[in-house]
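Sequence positions in the sequence shown follow full-length UniProt numbering and run 1 to 941.
Heads up: the structure comes next, in structure tokens.
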Amino acid sequence: MNGHAPRKALKTSYRASPRSLRPVYTGGPVLISKDGQWLITTLGEQVLISEVQTGLQVAKVRGDTTPITSLSLSYHTSPPTLITCHQSTSIRQYPLPSTASSSLQAPYLTYSRQIPKAHSAPILVSAVSPDSTLFATGSSDGTVKVWDSAGGYVTHLFRGHGGPVSALRFSQPPSGGGKMLLFTGSTDSRIRVYDLHDQKMAGPSKPKHVLEGHVSVVRGIDLSEDGRWLVSAGRDKVVLLWDMNGEVKQGKEKGKKGEPRLVQTVIVQEQVEAVGWLRGTILGKNGMMCFTGGEKGVVRIWDVAKGVEVGSMVGVEGVDTAEVDEDEQRGIIDVLYDQSSSSLISIHADQNIIFNSLIDGSPTRQVVGFNDEIIDAVFLSSPTSSSHSHLALATNSNLIRMYSTSTFDARLLSGHKDIVLCLGTSIDHRLLVSGSKDSTARLWYFTPSSPNSSPSSQSEWRCIASCEGHAESIGAVALSRKLDETTGFPKFLITASQDRTAKLWDLSSLSSTGDNIKPKSLATLRIHEKDINSLDISPNDRFLASGSQDKLVKIFEIDYTSSSGGTKGALKLVGTCKGHRRGVWTVKFSKVDRIVASGAADRSVKLWSLDDFTCLKTFEGHTNSVLRVDFLSQGMQLITSSSDGLVKLWNIRDEECIKTLDNHEDKVWALAISQDERTIVSAGADSVATFWEDATEMEQEEANAALVKSVQIEQDYTNYLSIKDYRRAILLALAMSQPGRLYNLFSSVISSSSSSSLSTTSTSTSLNPSISSDPSNSSNSNKPTESLTGSKEIDMVIQTLSLPDLSQLLLYVRDWNTHSRTSTVSQIILYAILQLRTPEEIIQSFNRSLSSLNQSQTDHEPKERNESGNTRNGMLDGGKKDMKKEINMRDLLDGLIPYSERHFSRLDRLVQDTYVLDYILGEMDGVVGQDMVNEIGDVVM
């Protein structure tokens, strides 16, 4: 297996892409913007705004700790306003952003208005008027309130419903002279019509009409554009058509002229959760078309005037788990009509959102709201694609998630009857194999749509083979690395089961156009004594590696022969690798060298020789079980994932972890690597699939640019000092976060100023001795010096520093003040700050710095740690990160006051010591004077 391919450059870094797959919907209300560009979904107690075409998150909305019960969009502002109703009975309004954010994490929106207690019971439904001037809310207490969108106050209050309000709809007919009608449906099966122009403001009133025809909860109401035709549906399995003008009568029906009349009753044979009118040509047909969606998970199109179904749009085939009723999972909870793209968006109970075209009835896009725990992932390529076109995910479901890598459009592959546990792919990434708890393995191949097929027949991944024979769950699969020259498919498949056996399957009869075949098992061998977690086949198809919970890595020789007489196969144990202290989770062959890598629950990764099956190297650094391992850069590097939620990049030669990628909050079960190794996908138990892009070249360019900038700044700083441009030098030192340079600058200026002052004073005293003794000159000593720091320019800089720079300088002063050697400069600069800046400015500087720091910490971006554990963002801060942790007025004072008191005490002791010196000198003067007197007396005598 020795190769002579040119060695690739080592990778040094990967960065998370904004296009990572994350949960977007966990049940609840869903909206789509009027232009069809943004999809608004509920995720737990939050709201997500995403781009429909790309799946990128635009913004988020925090909840109020209670579930969101209803959403509405009001277009009385530009951009529109999102109205959220919460189970806590509160209502909030959020102005939406005009454009998408470019950051990795979407920003959180701030509400512009909050109504804390809008109803006395939870709000169930809401609606916005056609002109967006009003919005209505319906509660479980049977009341409906109409609100002014701009002012946020109640304009109308309607009571009298016989149960919780279940449907709301505004209508403003063009011929009504601006008249606004509100239609309500409730659990008492009645539809009530209110004329908002005839009612007293915020007072109880009776409905203008009460429509009786349903016998169960009314779930949907919609009006035609002219306001004449009303269609309603509910859980009584019927759709009713009403003439609001009362011009059409059924038989000998009597009634007042202008009273609404029931025109048509359509039996739909399922409980309906959504109904609405369609406009234009639908599925090639014209007429009074409406749609319904209900418990069977099918969107149906009706010619309601004729009472016939003209088309249907089937949702997901198959269900996530057999333990729950199929209809309960497939059921539709709402249907949205996007007129801009002529499509219907169905929201299903299994958290799938499907976009269906009204032109040909085919699904154009599918959004999987929540993937649950992701167990495995592989890249795939369609026959017509030169790069990876799809990403397959195995989750806690029997449906395989198949994502388009370009649009994140999802499709669900049905076939398995229980949870899919593992995935594998051929060397060319065109064949997918899956193993499941239903004891079967399936092979999938991309089938493009034919030119003669119907418009609704789309390209899809289709099951072309099913391997049946294991007695228990299949937990590991591996396809041969070499392709058959005749079929273009792998020659064989090896599967491992919970029954401790491995099977060798013949794939020579595979066909991309044939029916689902049943491959033949060529060999069955019991290979371990505990569960088998991983399989891998060597690049030359000669060896099989297996990892098990029995702590062993075993190497088997594969004997596969194909001839005119048939195919034969066998597995033979050739070596056992012992050394792991706990169960082995993953094994992988190198593509270049005769080695195999393994990762285990003992938190280590080991490299084993295929010559003598001894351990060559051990990599330690993960804090929990190593779940996945693979080779990069022609076998010179390793990429690993672990239960600690981290992905690590290793250099094999020096056994060093050079990068740690952190964007998961739980176990990382899956790693998928593209053929060019520029993209890595990590996915795990947190339902997140992160796309990591190779940033080696980018980081090198950034490092080079940073070096050039550093040299340029260094030269600028030197130039400023040489010409004594202290202002720019100080600002540059602050910008570079280099307190040492700043201290040296202050120290040199203060020292030179002190020397100059001392020299001037000495010279003046020697030339004019009377100056120091003349009492008339004593007033000069009380005048303030010209500069507080020794330089007027430095004084001016301190006086005009921006507030963030001022807080940074004070923190430097605090640090300098902790050492007696640097305390003099610290005290002089501190004195200058206190003299030149007001207390309010100092306090405000720390408040602003702290608020800006908190704002920056709001966006939690994925971290890429280097070997020492520092994040990339922290390294680029140039040392500011540690300083910003301490931006706090209390910490500043706690650091300044004790050391300043200590320095004052030290100086006070020095002053006291000078008094002793004065006393000694005075005593010496007395002794010397008496001796001189005695000597003079002796001379006189």
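Backbone N, C-alpha and C define an ideal beta-carbon position, used for all residues, glycine too.
Taking a cut-off of 8 Å for Cβ pairs, the stretch 337-347 and the stretch 638-648 do not touch, as fewer than three such pairs fall below it. Under the three-pair Cβ rule at 8 Å, the stretch 377-388 does not count as touching the stretch 356-368.
Membership of I713 in the alpha helix (DSSP H) is indicated by the continuous run T696 to S722. The C-alpha of G28 lies about 32 Å from the C-alpha of L262. With fewer than 16 neighbouring CB atoms inside 10 Å of its own CB, F904 falls in the exposed class. Counting only runs of at least 3 residues, the UniProt repeat "WD" (413-444) fully encloses the following beta strand (DSSP E) elements, listed from N- to C-terminal order: 420-425 and 431-436.
For A733, the secondary structure class from DSSP, reduced to helix, strand or coil, is helix.
Partner residues in the beta bridge of K572, as assigned by DSSP, are E557. With respect to the 8 Å criterion, T586 and V647 are not classified as neighbours on the basis of their beta carbons.
Look at L921 here: in three-state DSSP terms it is helix. In the structure shown, Q114 falls within a strand segment according to DSSP collapsed to helix, strand and coil. By DSSP's assignment, V647 forms a beta bridge with S641 and L661. Straight across, the Cα-Cα distance linking R906 with P18 is about 58 Å.
The stretch 809-816 makes contact with the stretch 824-833: 3 or more CB pairs, one atom from each, lie closer than 8 Å.
Your pair G220 and S205 does not check out as a contact, with CB atoms roughly 24 Å apart and the cut at 8 Å. Beta-bridge pairing by DSSP links W669 to no other residue.
Counted as a single uninterrupted DSSP element, the stretch harbouring V193 is not any alpha helix (DSSP H) but the beta strand (DSSP E) occupying residues R190 to D195. When DSSP states are grouped into helix, strand and coil, G740 belongs to the helix group. Taken through DSSP and simplified to helix, strand or coil, Q634 comes out as coil. Straight-line measurement puts the Cα of S90 at about 10 Å from the Cα of T66. For V272, the enclosing beta strand (DSSP E) has its first and last residue at V272 to W277. Following the DSSP letters along the chain, one finds A121 in no alpha helix (DSSP H), marked with neither H nor E. Checking the DSSP bridge columns, you'll see S232 partnered with I221 and L240.
Annotation for S112: Q93 and P95 place their beta carbon closer than 6 Å to its own, counting only its chain and skipping 5 residues before and after. N624 counts as exposed, since fewer than 16 other beta carbons sit within 10 angstroms of its beta carbon. T395 sits close to I375, with the two beta carbons spaced by under 8 Å.
For T137, the secondary structure class from DSSP, reduced to helix, strand or coil, is strand.
L157 and Q53 have their alpha carbons spaced roughly 40 Å apart.
DSSP places A832 inside the alpha helix (DSSP H), whose first and last residues are S820 to L836. Residue pairing of G547 in beta bridges, as defined by DSSP: S534 and V553. Excluding sequence positions up to five before and after H528, its CB lies within less than 6 Å of the CB of R500, S548 and D550, all in the same chain and listed in chain order.
In the DSSP annotation of this structure, the continuous segment of the alpha helix (DSSP H) that includes T800 starts and ends at K792 to T800.
Residue burial annotation: D506 is buried, with at least 16 other C-beta atoms found within 10 angstroms of its C-beta. Going by DSSP, P804 is part of the alpha helix (DSSP H) stretching over L803 to W816. Here the C-alpha atom of F135 lies approximately 16 Å from the C-alpha atom of P116. For M289, the uninterrupted beta strand (DSSP E) run begins and ends at M289 to G294, by DSSP.
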